[in-house]
Every structure is written in C-alpha cells, then in structure tokens.
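These notes are about the structure you will find just below.
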Amino acid sequence: MSSITQKLVSVEKVTESKIDQVDFDNLVFGKQFTDHMFECDFIDGSWQNPTIKPFGQIMMSPAAKVFHYGQAVFEGMKAYKDDNDKVWLFRPHENFKRINKSSKRLAIPEFPEDFFFEGLETMLNMDKDWVKKGEGNSVYIRPFVIATECGVAAAPSSEYKFMILLSPVQAYYKGEVKVVIAQSFSRAADGGVGAAKAAGNYAAQFYPTNLAKEQGFQQVIWTDANEHKYLEEAGTMNVFFRINDTLITAPNNDRILDGITRKSVISLAELEGIYVEVRRITVTELIEASKDGSLKEIFGSGTAAVISPVSAFSYDHKTYDLPKIDDSYASRFKSKLMDIQYNRAEDPFHWRHEIK
Ligand SMILES: *Cc1c(COP(=O)(O)O)cnc(C)c1O
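The numbers in the sequence shown follow the numbering used here, run straight up by one, and end at 349.
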C-alpha cells in the first residue's frame, strides 16, 4: 500500500498569470477573478472529473435547464491572509453543508466533501498571491451548481456542473445602509426556497430593491409573507436589532437563510455576556422602540460585508433614524470577527481553517 494520498482533482495551470494586470487598490466587488477555476460535472449519475483549469468561458447548450427552470444554488465564502502569509478560511464546513442543503431543496445531487475541499484548497494554494494582506482584503469564494442537461421539458436535470470561482476583493460596503421595511413584496414564503441559497431568490429581490433605491435606500428588510408583520432578514444579510443592551434576531425557519456570520455573532455575543434573544420581532415593536429611544442599533450580518450598520429605516413612508453611538455592538462584532478571520486573535470556537 502506498502512503501517498492519491489526488482526486486534476490540475491544468495557466501558462502565465494575469495578476500583474490587476489594480488591487481599486477592485470592484466580484468583477475580477484569479487565474484558475474549479469545475466538476455530474454525468451518468455521479460527480466526475474534478478539475482545476485556467479561468475562462464555459460552453453550454442554450437549452440547458438552468436557463429555463432556474436550478441553481451557490455559496459565498472568503479566504484571508495573515501577517505571516498564511491563508485561512472561516468555518468552511458550514458552507459545504449548506450548499448541499440548498441543492437538496432544488433536487440537485449533493456534492462530495473530498472533491470540494481538495479542489478549493489546491486552488487557493495555486492562487495564494491573489489573497492580499491587510484590513478588508480577501479572496471572495463563489462555489455554485447549475443544471446543464439539454432539454426544455420541466423536470429536474440529469446533468449538473459544480464550479468554484475566486475573486480578489476589498471591504464590501463603504458607508452605512438605509433600509426599507417590506410591506407588500416578499422574498420568501412558508414551504418555499427562502432557506436555500438559490439563485432565484436574488432575482426575485432585484425589482423591489430597485424601488427602494429610487427612494434613496440601499436594501430591503423582508417581513413574513403572510402578514408583513415580523422582521425577517435583508437581501444578502441576516439582521440584528439592539434594544437597550439586548440583541434580537429572528429564529431560522424555511424563509430565512441560516447565515454563518449570524450564528457566529450569536456565539460571540453569548461569550461576551451580551443577552441574545432569538425570537420573532414585529415591525410595531421596532417602531415603538425607535420612538422611546430604546432602539440603539440595527445591523446586518453576512460574509461579504461582515457587519453592516443600518443608519435609518423606513416604514409607511416615514423614516426613522438610528442614533449614532460610540462602541456600538456592530463595530465590536465586526472587529472581533475580523480579528479571528485574519488570525489576529484567539479562536475560542475553532472557526479558522488553515490552507496548507
Ligand atoms: C448568504 C446570505 C446571508 C448571509 O449568510 P452568511 O453565511 O453569513 O454569509 C444572509 N441572507 C441571505 C439571503 C443570504 O443569501
């Protein structure tokens, strides 16, 4: 028996890196990609030929089912570089489990764990110069799955493509976020696909979010589809409300994406002795708390922006401003999380994963 582990993923390297053509100080989020990409196909009932190859176009039939029935799911993760040039992931097993949970909901076959980690880690090693040191710099990782079978009959595809792209990014949001609370549109409904990171969930949000933007707001906080009474989550982020010194966030259900940043914030808050209530919160309660001054903060949590403080919210055409406070929970959690992600602080929950 050989003691050398057989490699599962085949590798085709670029002949010349394009890294010198990239202006790392002026990156547009998600526009630029590293030299390589990971690709694996589901054919004849199994995932096969996991390959890392030069980043480039893919060929598909215009009749591929993803274009007609939207069978597509994705993930969002980041790789961080510490001061000693080590590259780290943050809770990557959570992303792996979640993409398979999303896939299952959309009748997509689950992806093997060894292909995922060998593909991702090998590629991050190959493209590690694209992961820049320094505050806010990272490589955004985009795993996704699409239905590739040719044919417009409305049935699940028999063929799929799993890919991972790497995109060097700087800090996501430059400023604060003003939000509109949804009163007629919905992001997700009971029994639907809201808890899956399904591509179509985003398509459904663009129009109502554009309406909010026309009024000077950046994002929508979605409410429950039945009554538009309970606050659920934002477009790409879970939401936290701080009333006095208590942190409140909606419980996970089949309309809400189970965010990894969200559950990390809850763990860090509990470690710090901050009281966290995971419960439903109504729009009425939020407005009352804003009026009596007990509402101190609203912030979003998600991989891309880590923590996004909300500066105002609008409901029924009235705008409610949040107070400006020193030592906010938002800034505290943001620096705590980033200190762990960039290997600058202790990692009490063993969330970091080193790329060796
Ligand atoms: C990805 C996503 C989040 C945030 O999840 P993280 O794991 O924290 O990045 C929140 N809400 C929605 C709808 C999402 O798609």
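Here a beta-carbon is modelled for each residue, glycine too, at the ideal position from N, C-alpha and C.
- By DSSP's assignment, L240 forms a beta bridge with R235 and V269.
- Nearest Cα to E265 within the set K329, T275 and S10: K329.
- In the three-state reduction of the DSSP assignment, D320 falls in the coil class, being assigned neither a helical nor a strand state.
- Of K284, D319 and E142, the smallest CA-CA separation from S54 is found for E142.
- Residue environment: Q41 is assigned as exposed (fewer than 16 neighbouring CB atoms within 10 Å of its CB, all protein chains considered).
- Distances from the CA of H343 to each of A146, Y153, E9 and W81 were compared; the closest alpha carbon is that of W81.
- If you draw a straight line from the Cα of V59 to the Cα of K90, it is about 22 Å long.
- Annotation for T141 indicates a beta carbon at 8 Å or more from all heavy atoms of ligand 1.
- Per DSSP, reduced to three states, the secondary structure at R345 is strand.
- Comparing alpha-carbon positions, the option among D122, A140 and Y165 lying closest to E128 turns out to be Y165.
- Burial state of T312 is exposed, judged by a 10 Å Cβ sphere holding fewer than 16 other Cβ atoms.
- Membership of M156 in the beta strand (DSSP E) is indicated by the continuous run Y153 to V162.
- Annotation for P302: the continuous beta strand (DSSP E) segment containing it runs V299 to Y308.
- Between A57 and L279, the alpha-carbon positions lie close to 45 Å from each other.
- Of all residues, those with a beta-carbon under 6 Å from at least one heavy atom of ligand 1 are G69, K190, E226, T229, M230, N231, L250, G252, I253, T254, R255, S294, G295 and T296, reported in chain order.
- Excluding sequence positions up to five before and after P85, its CB lies within less than 8 Å of the CB of M70, F110, L113 and H346, all in the same chain and listed in chain order.
- In this structure, the alpha-carbon of L240 lies about 46 Å from that of K0.
- Its Cα nearest to that of I139, the residue M156 stands out among M156, Y322 and K284.
- Burial is judged here by how many other beta carbons sit within 10 angstroms of a residue's own beta carbon; Y200 has fewer than 16 and is exposed.
- Of the other Cβ atoms in all chains shown, fewer than 16 fall within 10 Å of the Cβ of T277; this residue is therefore exposed.
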